Amino acid sequence: MSINKSIKSWIINENQPHIHETAADKIDWLRAIPFILLNASCLLVFYFGFSSIAFTVAVILYFVRIFSIGAFYHRFFSHRAFKTNRFWQCIFALIAGMCAQRGPLWWASHHRHHHVVSDEPGDTHSPVQHGFWWSHFGWFLSKRNYYYNPANVSDLLRFPELVFLDRFDLLMPAVLFFSLFLSGFLLRLYAPELHTGPGLMLVWGFCISTVAVFNTTVLVNSINHISGKRRFLTKDNSRNNWLLALLTFGEGWHNNHHFYPSSARQGFYWWEIDVTYYIIKCLEKMGIVWDVRQIPPALLKQQSAKQ
Ligand SMILES: [Zn+2]
Ligand SMILES: [Zn+2]
157 MSINKSIKSW IINENQPHIH ETAADKIDWL RAIPFILLNA SCLLVFYFGF SSIAFTVAVI
217 LYFVRIFSIG AFYHRFFSHR AFKTNRFWQC IFALIAGMCA QRGPLWWASH HRHHHVVSDE
277 PGDTHSPVQH GFWWSHFGWF LSKRNYYYNP ANVSDLLRFP ELVFLDRFDL LMPAVLFFSL
337 FLSGFLLRLY APELHTGPGL MLVWGFCIST VAVFNTTVLV NSINHISGKR RFLTKDNSRN
397 NWLLALLTFG EGWHNNHHFY PSSARQGFYW WEIDVTYYII KCLEKMGIVW DVRQIPPALL
457 KQQSAKQ
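Throughout, this note's numbering is defined as the position within the sequence shown, counted from one, plus 156.
Structure (structure tokens):
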């Protein structure tokens, strides 16, 4: 990929697969610069320090975004585990877009492919096939996987707003970035007793919080396919990991999920904490989502009896 093309791709995603390039499976370092800068920028915390308001904002943004990515990019866009209307679909796509994990089409396309060939040679982020680090972040920095297969998401391509968000996937992280900058600026001006400012709000609310959301999300690809318990003998190596389930609001019940992917509930039993599912149920009570799917109780009972 030329230098110009790589830099342009920081801002505009042209989904033109270059899968036949000889270096398609190598990391495109030039295009990876924004990702590297985001991670490195967390070190600025040693310069800016700590403020309780900036830390609180970082925690809230972590919770809101880890829910939005799990409930919407994953359970809704990738698996159709519940229904909502076009307005709320757009709102949650905007919020999940702030996670800086590309657009909903890219995310769902790669994830649907993962379920088809999970832990087989064609699985782009299987730690069993390609090792931990490739599974954790190498795969999405490769030229091949900057693109997605539109055939995997033909049902989503009919929404121009989703296509737009995917094409300009830097937009929502940029909105978050400038909102935090502005709020830090205003707080320093009008509430100096809070001892915060644009730098503190950005390093905690944007850099650290976004990197935390990113790492816990991709740990589901890496750790959840090598470490934890297997309740179901699925054809892949997926596992249930209670610690990751807590950190990801329920995504860590990954063996459950591979056994029955279209369930909006991934913690199948009451002791399997699945905060995303609890919030989905609240949204259902509010009339925002409906047709929330679950594993059929008879199937769960039958499988449990085999153990
Ligand atoms: Zn998986
Ligand atoms: Zn899935």
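Built from N, CA and C at the ideal position, the CB exists for glycine as well. From a predicted model like this one, the values you see are computed outputs, not experimental measurements.
Quick check on DSSP: helix, strand or coil for residue i?
i      : result
Lys299 : coil
Lys391 : coil
Val273 : coil
Val448 : coil
Trp427 : coil
The alpha helix (DSSP H) spanning residue i covers which residue range?
i      : result
Phe403 : One point to set straight first is that residue 403 is Leu, not Phe, in the sequence displayed. Trp398 to Leu403 is the extent of the alpha helix (DSSP H) around Leu403.
Cys363 : Here Cys363 belongs to no alpha helix (DSSP H), and DSSP marks it neither H nor E.
Val431 : Val431 to Lys441
Val331 : Leu327 to Tyr346
Gly355 : Pro354 to Met357
Gln285 : Pro283 to His286
Asp322 : Pro316 to Arg323
Asn412 : His410 to Phe415
According to the Cβ coordinates, are residue i and residue j closer than 9 Å?
i      : j      : result
Ile444 : Val201 : no
Leu336 : Leu327 : no
Ser265 : Ser378 : no
Phe232 : Leu356 : no
Ala252 : Ile225 : yes
Asp392 : Ser282 : yes
Leu332 : Met254 : yes
Thr404 : Ile222 : yes
Cys198 : Val359 : yes
Ile168 : Phe334 : no
Pro260 : Phe293 : no
Report the residue ranges of all beta strand (DSSP E) runs contained in full by the stretch 157–244; include only those spanning at least 3 residues, in chain order. Counting whole runs of 3 or more residues, the stretch 157–244 contains no beta strand (DSSP E) stretch at all.
Relative to ligand 2, what is the chain-ordered list of residues with a Cβ closer than 6 Å to any of its non-hydrogen atoms? That query returns the following residues: His230, Ser234, His235, His267, His271, His413 and Pro417.
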